[in-house]
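Chemist: Encoded as structure tokens, here's the structure I'll be asking about.
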Amino acid sequence: ELLSLLHDPFAIAMSNALKHEEVRALKDKLADDNKYLHQELLRISGDEIVGKENGLKEVMNMVKQVAALNSPVLLLGETGVGKEVFARTIHEASPRAGMPLVTINCAAIPREMVESEFFGHVKGAFTGATSRRDGRFLRADGGTILLDEIGELPLDLQAKLLRVLQEREIMRLGGKKSIQVDVRVVAATHKNLQEAVNENRFRLDLFYRLNVIELKVPPLRERRNDLRALAQHFLEKYAHEMEKEIKKISSYAVDLMHKYDFPGNVRELENL
Numbered sequence: 028e029l030l031s032l033l034h035d036p037f038a039i040a041m042s043n044a045l046k047h048e049e050v051r052a053l054k055d056k057l058a059d060d061n062k063y064l065h066q067e068l069l070r071i072s073g074d075e076i077v078g079k080e081n082g083l084k085e086v087m088n089m090v091k092q093v094a095a096l097n098s099p100v101l102l103l104g105e106t107g108v109g110k111e112v113f114a115r116t117i118h119e120a121s122p123r124a125g126m127p128l129v130t131i132n133c134a135a136i137p138r139e140m141v142e143s144e145f146f147g148h149v150k151g152a153f154t155g156a157t158s159r160r161d162g163r164f165l166r167a168d169g170g171t172i173l174l175d176e177i178g179e180l181p182l183d184l185q186a187k188l189l190r191v192l193q194e195r196e197i198m199r200l201g202g203k204k205s206i207q208v209d210v211r212v213v214a215a216t217h218k219n220l221q222e223a224v225n226e227n228r229f230r231l232d233l234f235y236r237l238n239v240i241e242l243k244v245p246p247l248r249e250r251r252n253d254l255r256a257l258a259q260h261f262l263e264k265y266a267h268e269m270e271k272e273i274k275k276i277s278s279y280a281v282d283l284m285h286k287y288d289f290p291g292n293v294r295e296l297e298n299l
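In this text, residue positions in the sequence shown follow my numbering: the first is 28, and each later residue adds one.
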């Protein structure tokens, strides 16, 4: 009789113990995967910025000055200039380098999913929320978060982002408890945010919060001296990937590049 009374509690305890071991194993695997992918990202993208001694010298001097700070950074520049590369450089040169760098493309997330992507959600917060999920801010805790295309963020979400910057805390969608986060924010945009503020499409208070340190990345047409080095860099990268023996770019090809304005900037050059 006593054994039969203990049967269910023991079964529950054993089930919980097994689930705990499984979760711990998955957590260790996730940590290893994260470390590996971080190293792979650095290997693939490279931690060298081509042109840092020429057309990007002024920007790189600014990067070195701001990296050690904890203040928000606003990266401005045309599409394709490599703003995300500068965000990674700032992160890697900062005291947060060993922690996550998490990127959110504000223009690529469906409107109804933005809050969940940013802050996470609790189970049952909406149809399909079958379990609790951490948002990007919580994943970036202790590290840096890059808010790419910040000018595309809806106005109601701008207010919630402002609260995160002011209070350093988030609340999961559907949750009732605030969670403290320690995240450095780097925002990037190709749009004129001051113009968006004047047209009531971007909050003035959020603009001031983000625009503490402003870095402008020059377009490729303003640093043509970097064209040959950039082209050679991408040539070597893709020749290696495709197992080709192409060693150099002809002077004729470089001359043609110098006559072109590259409206898509470095991204267009890489594709070319």
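Glycine included, each C-beta is placed from N, C-alpha and C at the ideal position.
(1) Of all the options Gly-147, Asn-292, Leu-165, which has the alpha carbon lying nearest to the alpha carbon of Thr-157?
(2) What ranges does the beta strand (DSSP E) occupy inside the stretch 134 to 200, keeping only unbroken runs of at least 3 residues that lie completely in it?
(3) If you follow the alpha helix (DSSP H) that Thr-130 is in, where does it begin and where does it stop?
(4) Classify Lys-243 as helix, strand or coil using the three-state DSSP reduction.
(5) Leaving out the 5 sequence neighbours to the left and right, which residues in its chain are closer than 7 Å to Glu-295 when beta-carbon positions are compared?
(6) In the DSSP assignment, the beta strand (DSSP E) including Leu-233 goes from what residue to what residue?
(7) Measuring alpha carbon to alpha carbon, tell me which residue in Asp-175, Leu-299, Val-191 is nearest Thr-216.
(8) Nearest-angstrom Cα distance between Leu-242 and Asp-253?
(9) Going by the beta-carbon positions, is the gap between Val-129 and Gly-170 smaller than 8 Å?
(10) Measure the beta-carbon distance from Ser-121 to Val-239 and round it to whole angstroms, keeping in mind my assumption that it falls under 8 Å.
(11) Between Ile-273 and Ala-258, how many whole angstroms is the CB-CB distance? I'm expecting something under 8 Å.
Modeler: Reading off the structure:
(1) Against the sequence shown, residue 157 aligns to sequence position 130. Of Gly-147, Asn-292, Leu-165, the residue nearest in Cα terms is Gly-147.
(2) Considered as a whole, the stretch 134 to 200 harbours 171 to 175, 196 to 198 as its complete beta strand (DSSP E) runs of no fewer than 3 residues, in chain order.
(3) Here residue 130 refers to the residue found at position 103 when the sequence shown is read from its first residue. Segment 128 to 132 is the beta strand (DSSP E) holding Thr-130; no alpha helix (DSSP H) there.
(4) Along the sequence shown, read from residue 1 onward, the residue named residue 243 stands at position 216. Strand at Lys-243.
(5) Numbered from 1 along the sequence shown, position 268 holds the residue referred to as residue 295. For Glu-295, where only same-chain residues beyond five positions count, the Cβ hits under 7 Å are Gly-107, Phe-289.
(6) As a first step, residue 233 must be located in the sequence shown, where it is residue number 206. Careful: Leu-233 lies outside any beta strand (DSSP E), inside the alpha helix (DSSP H) at 231 to 237.
(7) Your numbering for residue 216 matches position 189 in the sequence shown. Of the listed residues, the one whose Cα sits closest to Thr-216 is Asp-175.
(8) Sequence index remark: in the sequence shown, residue 242 carries index 215 (1-based). Sequence index remark: in the sequence shown, residue 253 carries index 226 (1-based). For the pair Leu-242 and Asp-253, the Cα-to-Cα distance works out to about 19 Å.
(9) The residue given as residue 129 occupies position 102 in the sequence shown. The residue given as residue 170 occupies position 143 in the sequence shown. Contact flag set, yes.
(10) The count along the sequence shown starts at 1 and reaches residue 121 at position 94. The count along the sequence shown starts at 1 and reaches residue 239 at position 212. About 15 Å separates the two Cβ atoms, so there is no contact after all.
(11) Taking the first residue of the sequence shown as position 1, residue 273 is located at position 246. Taking the first residue of the sequence shown as position 1, residue 258 is located at position 231. The Cβ separation is near 11 Å, so there is no contact.
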